[in-house]
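Colleague: Listed in order, the protein sequences are those of chains V and H.
Going by this note's numbering, the first residue of the first sequence is number 92, and it counts up by one from there.
Going by this note's numbering, the first residue of the second sequence is number 92, and it counts up by one from there.
Here a beta-carbon is modelled for each residue, glycine too, at the ideal position from N, C-alpha and C.
I'd like to ask you about the structure that follows.
Protein chains: 2
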Amino acid sequence: MNSQKFAQQLAELGHVTRLDIFRLLVKGGKNGMPVSHLQDKLGIPASTLSHHISRMVQVGLVRQIREGRLLRCYAEYQKLNKLISFLTKECCIKDNI
Amino acid sequence: MNSQKFAQQLAELGHVTRLDIFRLLVKGGKNGMPVSHLQDKLGIPASTLSHHISRMVQVGLVRQIREGRLLRCYAEYQKLNKLISFLTKECCIKDNI
DNA sequence: ATTATATTTCTAGAAATATGGAAGTAATAT
DNA sequence: ATATTACTTCCATATTTCTAGAAATATAAT
């Protein structure tokens with residue numbers, strides 16, 4: 092069972108800055124959002140931001156595509172949906188019985 | 092907005108042992124499960140287990156009620172449901188537009 | 001009262017994470 | 001070529017978390 096993978100994703104979302112990043116990327120929708128734009132919104136040092144983004148990329152919650160000198164980030168909705176499904180199935184259903 | 096609270100809950104679920112604890116408690120349903128039973132299932136030292144449980148209690152994901160010398164633990168479904176709602180609302184919906 | 005069981009708190013070492021400055025890399029513009 | 005912009009990687013430090021043994025506490029049984 093790969094609850095490990097889900098735990099990792101939960102852990103990454105379990106940090107205010109990263110959760111904010113993810114939410115901003117969701118707001119960005121299909122267009123996503125370049126790192127620099129995230130930095131403007133969050134007002135944190137570039138190296139710190141980069142660190143958080145790379146963690147989310149590693150667990151598959153964020154995808155990045157380079158566009159010239161911008162690095163555009165996208166929220167990986169499917170991954171989050173799978174995570175939500177896991178939580179719902181593994182952690183809620185039995186309550187109804 | 093108190094995304095901080097949700098981030099804390101996500102962080103607590105974002106640890107394999109604690110996620111396992113929560114899932115076991117869900118399986119326990121209305122009866123919950125005493126700490127000792129969790130320990131049997133997980134096979135980790137009592138102090139370690141206690142540490143993880145107390146963290147989940149602190150963020151409201153687990154409730155405990157003493158029964159003689161047993162301490163019975165319950166999954167707080169409502170809290171998890173609110174967390175899931177948050178994830179769904181804040182992090183998914185905009186995609187459809 | 002003493003003993004046994006169930007669990008927590010204390011303590012401390014090891015490992016992981018967070019943060020941000022400085023230096024490095026990639027892409028573009030001049 | 002070199003300067004600028006947009007990032008990342010490297011590094012060091014501070015902080016948190018994890019883990020588990022040992023001691024303490026709570027409840028019940030003898």
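Kindly list the residues whose CB is nearer than 8 Å to the CB of H/L101, restricted to its own chain and excluding five residues on each side of it in sequence; keep chain order.
Modeller: Here residue 101 of chain H refers to the residue found at position 10 of the second sequence. These residues qualify, in order along the chain: L174.
Colleague: At a CB-CB cut-off below 9 Å, which residues of chain V make contact with H/V148?
Modeller: As a position in the second sequence, residue 148 of chain H is number 57, starting the count at 1. Under the 9 Å cutoff, chain V gives no residues; its nearest Cβ is about 16 Å from H/V148.
Colleague: Answer yes or no: do H/Y168 and H/R154 have a C-beta to C-beta separation smaller than 8 Å?
Modeller: For the purposes of this step, residue 168 of chain H is taken as residue 77 along the second sequence, with counting starting at 1. For the purposes of this step, residue 154 of chain H is taken as residue 63 along the second sequence, with counting starting at 1. No; because the gap between Cβ atoms is not below 8 Å, this pair is not in contact.
Colleague: Report all residues from its chain with a CB closer than 7 Å to the CB of V/V117; omit the five preceding and five following residues, and keep chain order.
Modeller: The residue given as residue 117 of chain V occupies position 26 in the first sequence. Closer than 7 Å at Cβ, skipping near neighbours: A166.
Colleague: Excluding the 5 residues preceding and the 5 following H/V150 in the sequence, name in chain order all residues of the same chain whose CB lies nearer than 7 Å to its CB.
Modeller: Within the second sequence, residue 150 of chain H is the residue found at index 59, counting from 1. So the qualifying residues of the chain are Q99, Q100, E103.
Colleague: Does the Cβ-Cβ distance between H/E181 and V/R114 come in under 8 Å?
Modeller: On the second sequence, position 90 is the one that residue 181 of chain H refers to. On the first sequence, position 23 is the one that residue 114 of chain V refers to. Yes, they are a contact pair.
Colleague: For the stretch 159-179 of chain H, which residues have a CB atom closer than 9 Å to at least one CB atom of chain V, in sequence order?
Modeller: Those residues of the stretch 159-179 of chain H that come within reach of chain V (Cβ to Cβ, closer than 9 Å) are A166, Y168, L171, N172, L174, I175, L178, T179.
Colleague: Where does H/E158 fall in DSSP's three states?
Modeller: In the second sequence, the residue the question calls residue 158 of chain H occupies position 67. Strand, per DSSP.
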